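Using our numbering, the first residue of the sequence shown is number 12, and each one after it goes up by one.
For each residue, glycine too, the CB sits at the ideal point set by N, CA and C.
Only a predicted model underlies this, so the values are computations on that prediction, with no experimental measurement involved.
Notes follow the structure.
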Amino acid sequence: MPEKAEIARALREIGALLELEGENPFKVRAYENGARALEALQEALDPMVAEGRLEEIPGVGKALAEKIAELHSTGHLPLLDRLRAAHPPSVLELLELPDFGPKKLLALQQALGIQSVADLEAACVAGKVRELPHFGEKSEQKLLDAIRRRRERPHRFLLSEATAIGERIVAHLRASPATLQCEVAGSTRRGRETVGDLDVVAASDDPAALSAHFLAMAGIAETLGHGQTKTSVRLANGLQVDLRVVPPADFATLLHHLTGSKAHHVKLRGLARERGLTLSEWGLFELPPDGGAETDGEPRGAKRIVRSEAELYGALGLASIPPELREDEGEIEAARDGTLPTDLVRLEDVRGMVHCHTTWSDGHATVEEMARAAEAAGFEYLTITDHSGTAAYAGGLDAERLQRQWDEIDGVQERVKIRLLKGTEADILEDGALDWPDAVLEKLDVVVASVHSRMKMPEEEMTRRLVRAMALPVFKIWGHASGRLLGEREPYAVRIDEVLDALAGSRGAIEVNGDPHRLDMEPRSLRRARERRIPFVLTTDAHSVEGLAHLRWAVVTARRGWVTKGEVLNALPAASFARAVKPAG
Ligand code: DGT
Ligand code: CA
Ligand code: CA
Ligand code: ZN
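As structure tokens, then:
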């Protein structure tokens, strides 16, 4: 069953395509509003649909409620099918360009017959777009830049998107009696921040039935290949999914093979050879006496029974290596030498929600809503860290509003069990000062300090800015350290080792931000921080109740950086956490 986010996307698509057809603006807006309402919806959709309560959602009327219910239960909607049939996918691609909506598209379609990104590019190059009313030379150039930028980056999906789809596919497959086992593999299973295609592995004694069940899933736009054991499809959103089906006895080795990474496997294969074994997608085999020349097909030697990935590593003389570490970055050597961390942080280790925004700045939920949601999710403490004043674009607080927020937090604290900590996300200003007077910072329980402005300053200046900030006694947690936005903004230029040295010297911590667009600080830098014994805080950067679920991505990212439970400050009980992060005067 499609998730809220997928249904919201479908509603947006309907709105955009209806607008293209000249449908009345109120109707168009209703779809857009419905999409937004669904995204903000805190309640699960299942019971609302089952109990016929969709119309309780603000902005959702009877007609829209019926469409949401139908999408939810069938994954289809005749209206959407009709719109998609009437407008080729190339038109939808056009609508995905930045600052490019149905109005512009309609004008271009009418004047120049544009139906695809390629058409638009040709028209821009020929200078035809600038001659149209409301366009001009500047917007023509902008369109051209956007098209070229899009082409340069191969489209990869965010880990959170790929995982949500992967989990839906696995649930769909498990519903078939032909499926004995089923898991997501590939880069998604390794927790890579972006995913090229989705790999799914299943065990079955009836692969034909399983594949047929897979192809009957909602949301498949195109079948790219279909054989006995391999099926590839493209979903409506463009994601390619590769499904492999094997007999149960081969499941563990195939899951391992398709999880990767390639570099990890290359090294494992060398280790296997040293032990007289050969490892491939076919499984683990003894080398025959003649050395078993390489073939494309199944090797000739005796096949070893491998029931789990742990057994496979064991057969190679290695401790079991979690998927997130399989990148050939020292994990194989560590597994051989017994130095692999055995207590990598897990979701259930985290006791406190740190770095959360509320309606006091740019969040969508109140202090009380956030507190109740975090409490219901089983957390022991929650830190409220709204933006500081310089972040005016995000509704940053001034001292007077901060005081009023404290009063509200005190009031909520009387009504909830979860411990509330007062904090701020303070801007690190251009000169390395924090965006609050010390007197304010010292009164707070938690300070996350982050760069939000002048991100393009030269490396030298940025390094000095950060080193200066870290020398401040009130500097305790470095927020979204690299500043990257996946697929949109590169990390800023900085001499990271110098900054990490400064942070280690001042006994500060580093945030691992679980916002799926950030996943920041990234794993390689986390490992450099670990070498310096810098502790970590795993956060959500939640701007809504739903954003609290981002913790999962922070945990995956931390694990990819080899971070252990003992290195995570918010795996501590509330009192110890509060002591560890208290801004010192
Ligand atoms: P992606 O899809 O670009 O995000 O990255 P992956 O890692 O999911 O790569 P993908 O989908 O091409 O392949 C999935 C896994 O299958 C990969 O991690 C390791 C394995 N694999 C694929 N091609 C090869 C290959 O040529 N040699 C070896 N040893 N393994 C391969
Ligand atoms: Ca893949
Ligand atoms: Ca693949
Ligand atoms: Zn921030």
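{"Check": "For W597, which residues does DSSP report across the bridge?", "Outcome": "Nothing in the structure corresponds to residue 597, since the chain is present only between 12 and 596."}
{"Check": "Tell me, which residues are paired with I439 by DSSP?", "Outcome": "L445"}
{"Check": "Taking a contact to mean a Cβ-Cβ separation below 8 Å, would you say L4 touches H528 in this structure?", "Outcome": "Since the first residue shown for the chain is 12 and the last is 596, residue 4 is missing from the structure and cannot be characterised."}
{"Check": "Count the other CB atoms, across all protein chains shown, that sit within 10 Å of the CB of E67; report buried if there are 16 or more and exposed otherwise.", "Outcome": "exposed"}
{"Check": "Please state if the CB of M481 and the CB of V510 are separated by a distance shorter than 8 Å.", "Outcome": "yes"}
{"Check": "Within 10 angstroms of the Cβ of S587, are there 16 or more other Cβ atoms? Answer buried if so, exposed if not.", "Outcome": "exposed"}
{"Check": "When you compare only the Cα positions, how much space is there between A313 and H268?", "Outcome": "19 Å"}
{"Check": "Just verifying my parser: in three-state terms, what is the DSSP assignment at H145?", "Outcome": "coil"}
{"Check": "Going by DSSP in three states, I176 sits in which element: helix, strand or coil?", "Outcome": "helix"}
{"Check": "Count the CB pairs spanning the segment 190-200 and the segment 143-155 that are closer than 8 Å, and state whether there are at least three.", "Outcome": "no"}
{"Check": "Closest to K467 by C-alpha separation, out of E34, G308, R415 and Y503, would be which residue?", "Outcome": "Y503"}
{"Check": "Opposite K433 in the DSSP bridges: which residues?", "Outcome": "I395"}
{"Check": "Report back the beta-carbon spacing between S291 and R337 to the nearest angstrom; my notes put them in contact at under 8 Å.", "Outcome": "Between R337 and S291 the Cβ distance is about 16 Å, and since that is not below 8 Å, they are no contact."}
{"Check": "Exposed or buried, what is A19 when buried is set at 16 or more other beta-carbons lying within 10 Å of its beta-carbon?", "Outcome": "buried"}
{"Check": "Any idea if K487 is buried or exposed, counting beta-carbon neighbours within 10 angstroms, 16 or more meaning buried?", "Outcome": "buried"}
{"Check": "Is any non-hydrogen atom of ligand 1 found closer than 7 Å to the C-beta of S198, if you look at the structure I gave you?", "Outcome": "yes"}
{"Check": "Is the closest heavy atom of ligand 2 to the C-beta of Y206 under 7 Å?", "Outcome": "The sequence as given places Val at residue 206; Tyr does not occur at that position. The answer is yes for V206."}
{"Check": "Suppose you measure from the CA of R40 to the CA of G26; what does that come to, to the nearest Å?", "Outcome": "7 Å"}
{"Check": "Which value, in whole angstroms, describes the spacing of the CA atoms of S609 and S222?", "Outcome": "In this structure the chain extends from 12 to 596, so residue 609 is not present and cannot be described."}
{"Check": "Does the beta carbon of G615 fall short of 7 Å from some heavy atom of ligand 1?", "Outcome": "This structure leaves residue 615 out entirely; the chain is present only between 12 and 596."}
{"Check": "In this structure, what does DSSP give as the bridge partners for V256?", "Outcome": "A213"}
{"Check": "Which one or two residues does DSSP pair with S243 in a beta bridge?", "Outcome": "G236 and D253"}
{"Check": "Suppose you measure from the CA of H366 to the CA of T205; what does that come to, to the nearest Å?", "Outcome": "23 Å"}
{"Check": "Would you grab the beta carbon distance between V128 and L105 for me? Rounded to a whole angstrom, and I think it's under 8 Å.", "Outcome": "6 Å"}
{"Check": "Any idea if V277 is buried or exposed, counting beta-carbon neighbours within 10 angstroms, 16 or more meaning buried?", "Outcome": "exposed"}
{"Check": "Between the segment 213-229 and the segment 256-264, do three or more beta carbon pairs fall short of 8 Å?", "Outcome": "yes"}
{"Check": "For R203, is the beta carbon positioned less than 7 Å from some heavy atom of ligand 6?", "Outcome": "In the structure on display, ligand 6 does not appear, and the ligands it does have are ligand 1, ligand 2, ligand 3 and ligand 4."}
{"Check": "Helix, strand or coil: how does DSSP classify M228 here?", "Outcome": "coil"}
{"Check": "In angstroms, rounded to a whole number, what distance separates the CA positions of L28 and S399?", "Outcome": "40 Å"}
{"Check": "Quick one: does the C-beta of H237 sit closer than 7 Å to a heavy atom of ligand 1?", "Outcome": "no"}
{"Check": "How big is the Cα-Cα spacing for G294 and L537?", "Outcome": "34 Å"}
{"Check": "Taking one C-beta from the segment 217-236 and one from the segment 79-91 each time, how about it: are there three or more such pairs within less than 8 Å?", "Outcome": "yes"}
{"Check": "Classify K602 as buried or exposed, calling it buried when 16 or more other Cβ atoms lie within 10 Å of its own Cβ.", "Outcome": "Residue 602 lies beyond the residue range present for the chain, which begins at 12 and ends at 596; the question has no answer from this structure."}
{"Check": "Please give me, in chain order, every unbroken run of the beta strand (DSSP E) with length at least 3 that falls completely inside the segment 467-511.", "Outcome": "none"}
{"Check": "According to DSSP, simplified to helix, strand and coil, what is A376?", "Outcome": "coil"}
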